[in-house]
Structure formats: structure tokens, C-alpha cells
Amino acid sequence: MVENITFIFNSKVALDMLLYNASKSEQFRKSRKTSRFIFISIILLISLLFIKFNLLISVCFMALGVISFIVFPQYLGYYYKKHFSKIIKTEDYKNRIDQSFNISFNNEFIEVKNNHIQAKHNVGNFEYISETNEYFFIKLKAGDFLAYPKEQINDFDTLKTYFKNICTKNKIEYKNEYGWKWK
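Mapping the sequence shown onto UniProt numbering, position 64 (from 1) lands on 64, and the numbers just tick up by one.
As C-alpha cells, this is what we get:
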């Protein structure tokens, strides 16, 4: 059985949880793809308009369009990371940052509590559990995520075994996403 753990919900955990959640959102992925194609379409349209007036400017816009198509995903990754960094500085998150949480595990639920909250997350409400290089993420059927940073867990092999057993027993998907990285 996993012993109780205590971890600090710091700004890095909050940011990584928001980024992971965004990366798993189909709507968010579609939005990023749409933004990319709208941007390249505008550049190419401008290029086509200039083709009658000045071929050199038109070619420059086409080159800019190709470069933008390649670089735009990296820019969007940077932009959204900056955007989510601002979100965790808002009042909603400011009150949670740097708080200590005690987490207890059993076969029925995971209990998270501190001086301000107490929440029990029933194992039956887990959609999947994902392991990345730095975290265990639990996707709840309600759409939220729970994040457990490995660096704050003394014996994460025992926790990993616990999560795998929970998944097997309750037919929950366990994902190995060691290559996950915000892009």
C-alpha cells in the first residue's frame, strides 16, 4: 500500500498541469491548427495580390509564409505558455500556489486535503492515468486533472505500482507518455 504523501502545489506544477490539459484537449489542438492555416492563408493571399505589382515582393511574402508555417507552432507554444503563466498569477490560482496538500491513497479513492479543502476522488471517476517523465496525471471523467510531481514523491515506484494496480482492477487506461513535452 502507498503511504500518505505531502506535496507542494507550486507554480511549476500549476503551469505544467494547465499545459498538459491543453495538450490533451481536442478543441485546443484544432484551434492551434486553424490559427496556423489562417495565418499562412493570409500571407499567401497577400503574396498573390503582390504578384501583379512586384514579383520580388510576392516571392518574399511566399518565403515568409513558408518560414512562418514552420516556425508558427513554436511561437504558439511559447505564446500559450506565457498565457498560462499569466493565468496562474490570477486570484483563482494565487490562493492555491505554494500550499501543502496531504494525499492518502486506498483502493476506493484518493483523498486530497489541507487546511482549506478536503476532496475525495473516487477511482471509478478516473478516465485514465498517465505517466510522463515528471508527473503522474489522472484524468477525471468530469474533465479535470490531478497532477502528482515525481520529484516530490519519495517512492514513486510504489506509487506507480499502485496506479497500475488501480488501472488493472478498474479497467482504466494507463498511459506511458515519457515523451510528452509542451510544444
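Cβ atoms here follow ideal geometry from the backbone N, Cα and C, with glycine treated the same way.
Everything numeric in this text was worked out from a predicted model, so none of it was measured.
- Distance from the CA of L19 to the CA of E134, rounded to the nearest whole angstrom, comes to 13 Å.
- Counting only runs of at least 3 residues, the stretch 109-136 fully encloses the following beta strand (DSSP E) elements, listed from N- to C-terminal order: 109-113, 118-122 and 126-131.
- Taking every protein chain shown into account, the CB of D16 has 16 or more other CB atoms within 10 angstroms, so this residue is buried.
- In this structure, the alpha-carbon of V13 lies about 7 Å from that of P149.
- Rounded to the nearest angstrom, the gap between the Cα atoms of I87 and Y78 is 14 Å.
- In this chain, the alpha helix (DSSP H) harbouring F28 covers E26 to F50.
- Per DSSP, reduced to three states, the secondary structure at N54 is coil, with no helix or strand assignment.
- Note that the stretch 54-70 does not touch the stretch 26-33; fewer than 3 beta-carbon pairs, one per stretch, sit closer than 8 Å.
- A straight line joining the alpha-carbon of N21 with that of D144 spans about 8 Å.
- For the 8 Å CB-CB criterion, I103 and N4 form a contact.
- The beta-carbon distance between I46 and F61, rounded to whole angstroms, is 5 Å. This is short enough to meet the 8 Å contact definition.
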